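*Asks:* For reference, the structure I am asking about is given below.
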Amino acid sequence: MPLRGWHPSYPPPPTGPPATLPGAPVHPEIQTSVTFFHQYQLFAAEFQKNTPLGIPIPSIQQFAEFQGMLSGHIPHQQPLAAPAVPAIQPHLDMQADIAQLRRELQEMKDKAGRQHEENEGTDSESDAPVTKHRRKTCKSVTAKRILSLEKGNLSKRQAEVREELQEAVIGHLKTLTGLRRNPFPLQGDVNDENDDVDGSAQDKPSMEFNFDETVTYEENAAIIRHIADLVYKEQTNDVSRTITHPDVNFTKRDLEEFAKTRFRTWKRAYQAQKDELKKAAQLANQARNRRRRRQEQLKQLRGTAVKAYQKRFKVDPSPVLLTDWMSEACSDWSDEEEARDVHRQLLATKAGLTQEEIEEGVKVLERRSLAWRSGQLCSVLAKLDQIVQTKRKGQGNAPIKMKRVDLQRPCTGVPPSKIYPFAISMAWVKEHPELMDE
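Numbers 1 to 438, taken from full-length UniProt numbering, label the letters of the sequence shown in order.
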């Protein structure tokens, strides 16, 4: 059908294929005006490109009629089949499948169990029920710590076994390394009376620690593991076991921790012996610890006389039995060997020691009272000491042989804690008025 507006006077229509339309033609009734106009612009550009000069471009109305002609020859597109209606809850199908698999698996297990029981019943002469044995699993002996934890968390029996195992570990360490309990003394060569190491073992130790390295260093760790193996085999064998309570459990890890503790102790002494600053600091720390222990021992002794004091004087002296309020007892005074020897000789003379006692090494401690203590507090402590001595004699215990000498060198420091007004000396307060603000 000729296009509307065509005249015979126009040049003949162009030969060749007609101008191509972009995309499949769509009837104008189902297009928006913007989309239709855009398609017309594309058609006009394509028409001008493929048509000889002189032929005018069809109008937009002619383009619409031309599209209508083409749309009549395009086969009607069949609608796609509607998708299957999904289940209301698709996850229910999955759960059903899982449940079915579980049922099948359980049936297989039950069937295998019945076959096993039938076979056992055929081979066995007894009608006893078949017991299913589980494979035993061995727990690693180094998996956890039992006795190497905080001592306060252990029972009395565990604490006893802990001490015995520590002694066993230290004994093997000294034997295999040739080291003594105090291999690096800070003041001279101190003999260790508790050492019973054979001389041949000291001449040629089979293992040597490297104290310049850490405890995890390969050589050090190998020695520690070896010691732990030795002690573990020894203490788990009925023939060689020496611990008091064999039913108390322990692990190799515990034994390794005991060996590591001893290694670190030796290493600190080794470093202090090489470094003068560390040596001085460690000596001072040891002296403080000794004085503190003696103060605690003195407080405990006086504590045994509290009931007798209360019965005799109708007063409870317990509030004044504090460690910080006990007199100090010193045995070391100077790092210099010459000054220390002079001081020891002075103490021996003051205590009236014989030459034989001096040669035997009878220890004499210097008693240093606390200058801030009042006369009333000193009187209470002196009465407690008298009760302690009387009580020990009555029980058949020998009196305390440790000799103490007072060289009139009281400790002039400030009280370490708050004190009762009656316990502080007013004379000391007058001598140190600047300390009262503290």
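Here a beta-carbon is modelled for each residue, glycine too, at the ideal position from N, C-alpha and C.
All values derive from a computational prediction rather than experimental measurement.
(1) In the DSSP output, what is Ile146 paired with across the bridge?
(2) In whole angstroms, give me the CA-to-CA distance for Phe66 and Phe43.
(3) What did DSSP end up calling Ile424 once you bin it into helix, strand or coil?
(4) Taking Cβ positions, are Tyr270 and Lys252 nearer each other than 7 Å?
(5) Are three or more beta carbon pairs between the region 422-429 and the region 381-393 nearer than 8 Å?
(6) Three or more C-beta pairs under 8 Å: does that hold for the region 311-326 against the region 410-417?
(7) State the CB to CB distance for the pair Ile98 and His172, rounded to an integer number of angstroms; the pair is presumed to be in contact (CB under 8 Å).
(8) Secondary structure at Arg373, three-state DSSP: helix, strand or coil?
(9) Going by DSSP, which residues form a beta bridge with Cys411?
(10) Helix, strand or coil: which one does DSSP assign to Glu213?
(11) Comparing alpha-carbon positions, which option in Thr175, Ser148, Gly375 and Ile170 lies nearest Arg162?
(12) Would you grab the beta carbon distance between Val215 and Phe263 for me? Rounded to a whole angstrom, and I think it's under 8 Å.
(13) Identify whether Glu328 lies in helix, strand or coil by the three-state DSSP scheme.
(14) What would DSSP say about Gln395, mapped onto helix, strand or coil?
(15) At what residues does the alpha helix (DSSP H) containing Ile55 begin and finish?
(16) Give me, in chain order, the residues of the same chain whose beta-carbon lies closer than 7 Å to that of Gly303; leave out the 5 immediate sequence neighbours on both sides.
(17) In angstroms with no decimal places, state the Cα-to-Cα distance between Pro433 and Gln376.
(18) Among Leu381, Ser374, Arg368 and Leu370, which one has its Cα closest to the Cα of Val306?
(19) With a Cβ-Cβ cutoff of 7 Å, do Arg409 and Arg367 count as a contact?
(20) Just the C-alpha distance for Pro317 and Pro246, rounded to the nearest angstrom, thanks.
(21) Going straight from the alpha carbon of Ala308 to that of Thr349, what length do you get?
(22) Look at Ala177 and Met207 and say whether their C-beta atoms are less than 7 Å apart.
(23) With His172 as the anchor, note down where its alpha helix (DSSP H) starts and where it stops.
(24) Please report the distance separating the alpha-carbon of Glu160 from that of Leu230.
(25) Expressed to the nearest angstrom, what Euclidean distance is found between the alpha-carbon atoms of Thr265 and Leu283?
(26) For residue 457, report the span of its alpha helix (DSSP H) as first-last.
(27) Quick check: Lys279 and Leu186, are their CB atoms within less than 7 Å of each other?
(28) Could you give the first and the last residue of the continuous alpha helix (DSSP H) run that contains Thr265?
(29) Reducing DSSP to helix, strand and coil, say where Thr51 ends up.
(30) Just to confirm before moving on: does the CB-CB distance between Ile243 and Gln235 stay below 7 Å?
(31) Need the endpoints of the alpha helix (DSSP H) that Val305 sits in, please.
(32) Check whether the Cβ atoms of Asp374 and Ala423 sit closer than 7 Å, and answer yes or no.
(33) Is it the case that the Cβ atoms of Leu346 and Cys411 are separated by a distance below 7 Å?
(34) Give me the Cα-Cα distance between Arg268 and Phe184, rounded to the nearest whole angstrom.
(35) Rounding to the nearest angstrom, what Cα-Cα distance links Arg294 and Asn249 in this structure?
*Replies:* With the given structure in hand:
(1) Looking at the DSSP assignment, Ile146 forms no beta bridge with any residue, so it has no partner.
(2) 11 Å
(3) strand
(4) no
(5) no
(6) yes
(7) Their Cβ separation, rounded to whole angstroms, is 59 Å, which puts Ile98 and His172 out of contact at 8 Å.
(8) strand
(9) Leu370
(10) coil
(11) Ser148
(12) 5 Å
(13) strand
(14) coil
(15) No alpha helix (DSSP H) contains Ile55, which DSSP labels as neither H nor E.
(16) Leu321
(17) 21 Å
(18) Leu381
(19) no
(20) 45 Å
(21) 35 Å
(22) Ala is not the amino acid found at residue 177; the sequence shown has Thr there. Taking 7 Å as the Cβ cut-off, Thr177 and Met207 qualify as a contacting pair.
(23) Lys156 to Thr177
(24) 20 Å
(25) 14 Å
(26) Because the chain is modelled from 1 through 438, residue 457 falls outside the range shown and cannot be assessed.
(27) yes
(28) Lys252 to Lys274
(29) coil
(30) yes
(31) Here the sequence assigns Ala to residue 305, which means Val is not the residue at that position. Unbroken run through Ala305: none, as it is neither H nor E.
(32) As written in the sequence, residue 374 is Ser, which differs from the Asp given in the question. The answer is yes: Cβ separation under 7 Å.
(33) no
(34) 9 Å
(35) 35 Å
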